[in-house]
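Protein chains in written order, with numbering that gives the first Met the number 0: chain A, 0 to 296; chain B, 0 to 315; chain C, 0 to 263.
Data block below; observations after.
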Amino acid sequence: MQELINAVSLGCIYMLFAMGMSLVWGTLDVLNFAHGSIFMFSAFSGFYLMQETGNSLPLAALLLVGVVVGALMSVLAYQLVLRPILRRAKDKDSAERQILIGGIGLAGIPVAIVQIQTLSNPFSFRAGSFEVASYDFLGARISNIQIVIWVVGVLLGTAVVLWLRRSRSGLALRSIGVDSEVASLMGIDQGRLGVAAMAVAGGMAGLSGALLCVSFGALTAESGDVLLLKAFAIIILGGVGSMLGTIIGAFFLAGAETLLIANTSGTWVDAVSFGLLFLVLLVRPQGILGRQEVRRT
Amino acid sequence: MSAWYDAHLILVQATFISFLVALSIQFPMRMGVFSFAGVANYALGAYTAAIVVVRSDEIVSPVVSVGAGVLVAVVVSLILALIVRRLRGLYLAMATISVSLIVQVIAFNGGELTGGASGMFGVISDLTIGSVIVVCVVAAGILTWTERGTLGRRIDAVRDDPELAVSMGINVNRYRLVAFVGSGVFGSLAGGLEVLLRSTISPVNVGFSLVVTALTIIIVGGYRSWVGAAIGAVIVTWLPFYLQAMERYQQVIYGLFVVVAAIFVPGGLLGIADQARRRLVRRQLEHEDQEAAAEQDAGGAAVVDAVGASRKEEAR
Amino acid sequence: MTQHTVPPTVAEPASALVLDARDVAIHFGGVKAVDGVTMEIAEGKIFGLLGPNGSGKSTILAGITRLVPLKSGSLTFDGRPYDDVPTFKLARWGMARTFQTVRLLGDLTVEQNILLGADVGRSSGVSRRAAATERKECVADVIDRTGLAKFVKWTPSELSYGVQRRVEIARAIVMQPRLLLLDEPVAGMTKSEKLEIAALLSDLRAQGLTQLLVEHDVQMMVDTCDHLYAMNFGKLIGEGVPADVVKTPAVQEAYMGKGWRADA
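Listed below in structure tokens is the structure:
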């Protein structure tokens, strides 16, 4: 039971992170490699602010800082780096490659800054500004922070799915993912929608960063890189462009990892996602819910 | 010279090793295989060489210890190539990054064999920088051969248009296999030689930052020739040394380099040089073209003149 | 099956068919792009394949060159079945092609692009040096015949579209193929450029090169081809002497739309 609670909490965080990444990948054709360092840097910003203000930030403020910093970084990355690359690339293959290379370079910058600032030590939101309380829940312990994570996860997860399925802007965004040329012919402003999607994705990454930092106690500068690959595994598992697949993938991975931690020393935990990623790529490259691409000549 | 050399030995070593690391990613890239397995190969080469040296009672020749690393890396590369043969582009890149990180996790969890988180120490050998330079020169020689003539053209075709390449009778799958094996050789050579020079290795050395460094070298120098990797290796190794202020922010500046290059100069410094050369050739061709046209005009004019002259004569 | 894939033997094929595509079907998911097409390409002639956009012309070329797998049917080249032979081997057997879009390597010069075709290793039993000399002569000859001598040092992006397409054809010809497949070689060309290409193809036929020409231009097909296939919706709708085929109601309706008359 305790494992289940932990797995769901972890799954919610993975979901928030991976959904944003899946959103921009599925619609804008951008695999934002900096998504992981945005996640990490947003949490670090909260930590930094906390130090400057003498530990007087409430939880809500930390989460807000995470969202704002994440959204801002994501939009900047899109406008200053990813979009110019997309615009200048000569074909789709080289665009894909340049986007990945540019993203890796971009990802390195916040990581290096935080490494310098923390001397490569883990950083954490010091206790005191918010209280961690635990409650009995069906024979297991659940903390107030885990409850926050569950609530935020369910609300945001549903909101994003509804936004994409129901709202005009969500539909427009999805149409870009299907065929960007036709979408622009139909008068869809890709620039503004792209910025909106990147802001949502970055905000969710920042939020998940702050939440993970609170619930796990600490993050390091490199946490984002590992999470990025986990999210990639999640998205591949679920199928690129499928939000439902991403959600299932997130909880699946969280469950597998939690089981491993519960039964072993836990040092192999990162190998789970990489192994999983490998397996899915080999067996079913289009993912569980993905569609096979139809080729036309 | 000698004093300078002694003072800068570490940097000289680092330049050649970085060159090899960069080749382990650049070589497959030239064949259109976007793989980061080079970093995994570096780790395999380094750890295998270190284990061979530390575990044996006698002094092991570098040829044996580094050779063992190369062998392991090549075998792993071949297996990897078979497993990921259906993957392309982005998917291949991400899968190979995860392979590199799995190798890092294994190094962390290797217990006594790999020394866990603190890594391995006391990897002593009589390897000299001279041998490293010889390895690099041989590598450059082989790569020069692959960049010219028939083979060079075929590799260009395999990278830029695989479908065209097979229609031209090129066995693209075999080239892709060679790409993986080459990455295994270069990466494990870099790792093996480095661990013998520095005598230590730990999981921190084989992580994601190595991917970024290797990528920076290739992107700054240019991905289409080993010359680009050489230029990039020199710049990335020596620039932080000459700009002391940079040392602390080295990784930040690498990141910026990569970003700027990815947006504005995808071909790297070598690409810029190539473009300039093309422009020169083009100007020359256009010039020749104009001259030829002018000659034709002149010829035409002469005919007109002649006709005119004959008419005049007729008029008389 | 596999014993048939043994490389060239001396045995001449019983029929003079260079390519025999029998009941070829190619499906993408549920889409029947090609549905039971039979084509018999005889030696030394120009065959034409006519059909509107999306009729399956390019797909059948991809099937013939083994770039996409067949759903059913069989393929025979020079008497040798090749249903499980990879594309690159076919090129070495002597099957050359051009693509619907210009597929030149942008970083290479015109000369280097053409040399790429000459590099195809076709074992002819001569010494390496002799082969190299022969190759050089062949390249020079093809460059001359396609009128590209002036452009050898240029890169594709510096050339006009018509010239780019000529380079493509030159690259296929230097492979010294047994069968040349041309996927819309004159699309987007001016009238005079088209005539030049048509003359080049006829010239090649005179030298015995078998060709399969996929095109839109009805006039050119009638003028150039010896035998015409017409396709629509993945099926053959006509076959025979080009001038007759384009006059059949099925072809006129499918290809030109109702109300068009070939004899108008």
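Glycine included, each C-beta is placed from N, C-alpha and C at the ideal position.
Three-state secondary structure assigned by DSSP to residue 288/B: Position 289 of the second sequence, counted from the start, is the residue given in the question as residue 288/B. Looking at residue 288/B - three-state DSSP - the assignment turns out to be helix.
Does residue 121/A get closer than 7 Å to chain B when you measure Cβ to Cβ? Translated into the one-based positions of the first sequence, residue 121/A becomes position 122. No, residue 121/A does not count as interfacial toward chain B.
Got a sec? Which residues, its chain only, sit under 7 Å from residue 26/B by beta carbon, not counting five neighbours each side? In the second sequence, counting from the first residue as 1, residue 26/B sits at position 27. Taking C-beta separations shorter than 7 Å and ignoring five residues to either side along the sequence, the partners of residue 26/B in its chain run 178, 181, 182 and 185, following chain order.
With 7 Å set as the bound, which would you pick, yes or no: does the beta-carbon of residue 46/C sit closer than that to a beta-carbon of chain B? To locate residue 46/C, count along the third sequence from 1; it is residue 47. Residue-level contact by beta carbon fails for residue 46/C and chain B, as no gap is shorter than 7 Å.
Thinking residue 228/B and residue 218/B are a contact (beta carbons under 8 Å), I'd like their distance in whole angstroms, please. Within the second sequence, residue 228/B is the residue found at index 229, counting from 1. Within the second sequence, residue 218/B is the residue found at index 219, counting from 1. Incorrect: roughly 11 Å between the Cβ atoms, too far for contact.
Which first and last residues belong to the alpha helix (DSSP H) in which residue 246/B is found? Position 247 of the second sequence holds residue 246/B. Segment 245 to 263, the alpha helix (DSSP H) holding residue 246/B.
Anything in the stretch 71 to 98 of chain B with a Cβ closer than 8 Å to a Cβ of chain A? List those residues in chain order, please. Listed by position, the residues of the stretch 71 to 98 of chain B near chain A (Cβ gap below 8 Å) are 82, 83, 85, 86, 88, 89, 90, 92, 93, 94, 96, 97 and 98.
To the nearest angstrom, how far is the alpha carbon of residue 85/C from that of residue 109/A? On the third sequence, residue 85/C is found 86 positions in, with the first residue counted as 1. On the first sequence, residue 109/A is found 110 positions in, with the first residue counted as 1. Going from the Cα of residue 85/C to the Cα of residue 109/A covers about 48 Å.
Going along the chain, which unbroken runs of the beta strand (DSSP E) with 3 or more residues stay wholly within the stretch 27 to 69 of chain C? For secondary structure counted as the beta strand (DSSP E) over 3 or more consecutive residues, the stretch 27 to 69 of chain C holds these complete runs in sequence order: 30 to 41 and 45 to 49.
According to DSSP, simplified to helix, strand and coil, what is residue 13/C? Walking along the third sequence from the start, residue 13/C turns up at place 14. Interpretation of residue 13/C is limited by its pLDDT of 47, a score under 50 that renders its predicted location unreliable; no figure is taken from the coordinates.
Residue from 35/A, 102/A, 66/A and 31/A with nearest C-alpha to residue 45/A: As a working mapping, residue 45/A is identified with position 46 in the first sequence. Comparing alpha carbon positions, the residue from 35/A, 102/A, 66/A and 31/A closest to residue 45/A is 66/A.
Mind pulling the chain A residues with CB within less than 7 Å of residue 258/B? In the second sequence, residue 258/B corresponds to position 259, counting from 1. What residue 258/B touches in chain A: 80, 101, 104 and 105.
The stretch 260 to 276 of chain B: positions lying closer than 9 Å to chain A by Cβ: Correct list: 260, 261, 262, 263 and 265.
So with CB distances below 9 Å, who are the chain C contacts of residue 152/B? Your numbering for residue 152/B matches position 153 in the second sequence. Identification of chain C residues near residue 152/B by a Cβ-Cβ cut-off of 9 Å yields 104, 107, 111, 112, 114, 115 and 118, ordered along the chain.
Could you give the DSSP three-state label for residue 219/C: helix, strand or coil? Residue numbering aside, residue 219/C sits at position 220 when the third sequence is read from its first letter. Helix at residue 219/C.
Against chain B, does residue 247/C count as a neighbour if the rule is that its beta carbon must be under 7 Å from one of theirs? One-based indexing of the third sequence puts residue 247/C at position 248. Not closer than 7 Å to any Cβ of chain B, the Cβ of residue 247/C fails to qualify, so no.
Identify the residues that DSSP records as bridge partners of residue 210/C: which are they? Within the third sequence, residue 210/C is the residue found at index 211, counting from 1. In DSSP, residue 210/C forms a bridge with 45/C and 179/C.
Note down, in chain order, all residues in the stretch 142 to 166 of chain C with a beta-carbon under 7 Å from any beta-carbon belonging to chain B. Here the close residues are 152, 153, 154 and 157.
Can you say whether residue 19/C is buried or exposed, counting buried as having 16 or more other CB atoms within 10 angstroms of its CB? For the purposes of this step, residue 19/C is identified with residue 20 of the third sequence, where counting begins at 1. With 16 or more other Cβ atoms within 10 Å, it is buried.
Quick check on the burial criterion: 16 or more other C-beta atoms within 10 angstroms. Buried or exposed for residue 54/B? By 1-based counting over the second sequence, the position of residue 54/B is 55. Burial call: exposed.
Applying the criterion that 16 or more other CB atoms from any shown protein chain within 10 Å of the CB defines a buried residue, is residue 58/B buried or exposed? Residue numbering aside, residue 58/B sits at position 59 when the second sequence is read from its first letter. By the neighbour-count rule (16 or more Cβ atoms within 10 Å), residue 58/B is not buried but exposed.
What residue does the alpha helix (DSSP H) around residue 174/B start on, and which one ends it? Here residue 174/B refers to the residue found at position 175 of the second sequence. First-last of the alpha helix (DSSP H) with residue 174/B: 171 to 197.
Using a Cβ-Cβ cut-off of 7 Å, state whether residue 217/B counts as contacting chain C. Within the second sequence, numbered from 1, the residue matching residue 217/B stands at position 218. Taking CB atoms only, residue 217/B has no neighbour in chain C less than 7 Å away.
Just confirm the distance between the C-beta atoms of residue 95/C and residue 176/C, as a whole number of angstroms; I'd bet it's less than 8 Å. Your numbering for residue 95/C matches position 96 in the third sequence. Your numbering for residue 176/C matches position 177 in the third sequence. Here residue 95/C really is in contact with residue 176/C; their C-beta atoms are around 4 Å apart, less than 8 Å.
In the DSSP assignment, find the beta strand (DSSP E) that holds residue 231/C and state where it starts and stops. Residue numbering aside, residue 231/C sits at position 232 when the third sequence is read from its first letter. For residue 231/C, the enclosing beta strand (DSSP E) begins and ends at 226 to 231.
Measuring CB to CB, does residue 253/A end up less than 7 Å from residue 6/A? One-based indexing of the first sequence puts residue 253/A at position 254. One-based indexing of the first sequence puts residue 6/A at position 7. In this structure, residue 253/A lies near residue 6/A, with their beta-carbon atoms less than 7 Å apart.
With burial defined as no fewer than 16 other Cβ atoms inside 10 Å of the residue's Cβ, what is the status of residue 144/B: buried or exposed? Taking the first residue of the second sequence as 1, we reach residue 144/B at position 145. Per the 10 Å Cβ criterion, exposed.
Those residues which DSSP pairs with residue 94/C across a bridge: As a first step, residue 94/C is located in the third sequence; it is residue number 95 there, counting from the start. According to DSSP, residue 94/C bridges with 178/C.
Buried or exposed (CB count within 10 angstroms, at least 16 for buried), residue 13/A: The residue you call residue 13/A lines up with position 14 of the first sequence. Residue burial is scored here from C-beta neighbours: residue 13/A has at least 16 other C-beta atoms within 10 angstroms and is therefore classed as buried.
Please look up how many angstroms separate the CB atoms of residue 213/C and residue 181/C, rounded, as I've assumed it's under 8 Å. In the third sequence, counting from the first residue as 1, residue 213/C sits at position 214. In the third sequence, counting from the first residue as 1, residue 181/C sits at position 182. Indeed, because the Cβ distance is near 7 Å, the residues count as touching under 8 Å.
If you compare alpha carbons, which of 8/A, 17/A, 0/A and 21/A is closest to residue 176/A? Stepping through the first sequence from its first residue, residue 176/A is reached at position 177. With distances taken between Cα atoms, residue 176/A lies closest to 21/A.
Segment contact, 8 Å Cβ cut-off, at least three pairs: the stretch 194 to 210 of chain A with the stretch 15 to 33 of chain A: Yes: at least three Cβ pairs fall under 8 Å.
Going by other Cβ atoms of all chains shown within 10 Å of its Cβ, with 16 needed for buried, is residue 190/C buried or exposed? Counted from its first residue, the third sequence places residue 190/C at position 191. Here residue 190/C is exposed, its C-beta having fewer than 16 other C-beta atoms within 10 Å.
Whole-angstrom Cβ separation of residue 218/A and residue 212/A, contact assumed at under 8 Å? Numbered from 1 along the first sequence, position 219 holds the residue referred to as residue 218/A. Numbered from 1 along the first sequence, position 213 holds the residue referred to as residue 212/A. In this structure residue 218/A touches residue 212/A by the C-beta definition: roughly 5 Å separates them, less than 8 Å.
With the cut-off set at 7 Å, would you say residue 188/B and residue 126/B are in Cβ contact? Counting from 1 along the second sequence, the entry for residue 188/B is found at position 189. Counting from 1 along the second sequence, the entry for residue 126/B is found at position 127. No, Cβ-Cβ distance for residue 188/B and residue 126/B is not below 7 Å.
The stretch 91 to 105 of chain C contacting the stretch 131 to 140 of chain C, beta-carbon criterion three pairs below 8 Å: Note that the stretch 91 to 105 of chain C does not touch the stretch 131 to 140 of chain C; fewer than 3 beta-carbon pairs, one per stretch, sit closer than 8 Å.
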